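Written below as structure tokens is the structure these notes are about.
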Amino acid sequence: MVNYRRARVPGAAYFFTVALLDRRKSTLIDHADLLRSVVRGVWYDRRFCIEAAVVLPDHLHVICTLPPGDADYSGRWRAIKARFSRALVGRGVPLVRNRRGEYDLWQRRFWEHLIRDDSDFARHVDYIHYNPVKHGLVIDPCFCATRHRQPGWRGFESFQHIPLTGTPAHHM
1 MVNYRRARVP
11 GAAYFFTVAL
21 LDRRKSTLID
31 HADLLRSVVR
41 GVWYDRRFCI
51 EAAVVLPDHL
61 HVICTLPPGD
71 ADYSGRWRAI
81 KARFSRALVG
91 RGVPLVRNRR
101 GEYDLWQRRF
111 WEHLIRDDSD
121 FARHVDYIHY
131 NPVKHGLVID
141 PCFCATRHRQ
151 PGWRGFESFQ
161 HIPLTGTPAH
171 HM
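The sequence shown begins at 1 in full-length UniProt numbering and counts up by one.
Next comes the structure, spelled out in structure tokens:
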């Protein structure tokens, strides 16, 4: 088995990209309410703070901060992926199992980046805001009336994208 070198700093903030196995699917926005519920359930079991996030049809980007003394982001993503897959099957969405017995919905791995300072944080929040533009889902990362302050990062504000096409970009 490959030993991946991941930064594991307890209580740190991380940027994640998590993607579907089939990048042509729109499962994440088709079932955004279910994904939100699953993330909330994992948060309830294993606290973390979502600083900024965007859900696109086939992948999502999230900046989250773990509690002091805790560096297990892999366990949280494993739980989110597994619970979301099971919940989809519970809703009657047909998913195929692979030879390992896992549902073939998610890519096995995810991208993780340790946020190093305030400017690194700001760059990654900008990336989250502009990613729906990059993918042609919105024309401009418009600022909406529904905004909220994110504690811990000097009052940085996160804004919801206004979809300008038929496919919305969702915030968690």
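The C-beta atom is built at its ideal place from N, Cα and C for all residues, glycine as well. Just so we're clear, the structure is a prediction, and the values are computed from it rather than from any experiment.
Checklist entry - Using DSSP with H/G/I as helix, E/B as strand and the rest coil, what is L56? => result Translated into the one-based positions of the sequence shown, residue 56 becomes position 56. DSSP places L56 in coil when its eight states are reduced to three.
Checklist entry - Any idea if R5 is buried or exposed, counting beta-carbon neighbours within 10 angstroms, 16 or more meaning buried? => result Position 5 of the sequence shown, counted from the start, is the residue given in the question as residue 5. Per the 10 Å Cβ criterion, exposed.
Next on the checklist: So P10 and G69 are supposed to be a Cβ contact under 8 Å. How far apart are they, rounded?
Outcome noted: Here residue 10 is taken as the residue at index 10 of the sequence shown, counted from 1. Here residue 69 is taken as the residue at index 69 of the sequence shown, counted from 1. Contact holds; Cβ gap of about 5 Å.
Next on the checklist: What does DSSP give as the partner residue(s) for I50 in the beta ladder?
Outcome noted: Indexing the sequence shown from 1 puts residue 50 at position 50. Paired residues: C64.
Next on the checklist: If the criterion is Cβ atoms closer than 8 Å, does the pair L28 and H135 meet it?
Outcome noted: The residue labelled residue 28 in the question sits at position 28 within the sequence shown. The residue labelled residue 135 in the question sits at position 135 within the sequence shown. No, Cβ-Cβ distance for L28 and H135 is not below 8 Å.
Item to check | Range of the contiguous alpha helix (DSSP H) that encloses Y14 | outcome: Against the sequence shown, residue 14 aligns to sequence position 14. That residue, Y14, is in no alpha helix (DSSP H); its beta strand (DSSP E) goes A13 to A19.
Checklist entry - Which residues mark the beginning and the end of the alpha helix (DSSP H) in which H129 is found? => result If you number the sequence shown from 1, residue 129 lands on position 129. Here the alpha helix (DSSP H) through H129 covers D118 to K134.
Checklist entry - For A145, which three-state DSSP category applies? => result For this step, residue 145 is matched to residue 145 along the sequence shown. Because the pLDDT at A145 is just 26, under 50, the model does not fix this residue reliably, and the value given afterwards should be weighed accordingly. In the structure shown, A145 sits in coil (DSSP, three-state: anything other than H, G, I, E or B).
Item to check | Three-state secondary structure assigned by DSSP to R78 | outcome: As a working note, residue 78 is residue 78 in the sequence shown. The answer is helix: DSSP assigns R78 an H, G or I state.
Checklist entry - Which class does R86 belong to by DSSP, given the choice of helix, strand or coil? => result Numbered from 1 along the sequence shown, position 86 holds the residue referred to as residue 86. Three-state DSSP puts R86 in a helix.
Next on the checklist: Under 8 Å, with one C-beta from each stretch per pair, do the segment 106 to 125 and the segment 33 to 46 reach the 3-pair mark?
Outcome noted: no
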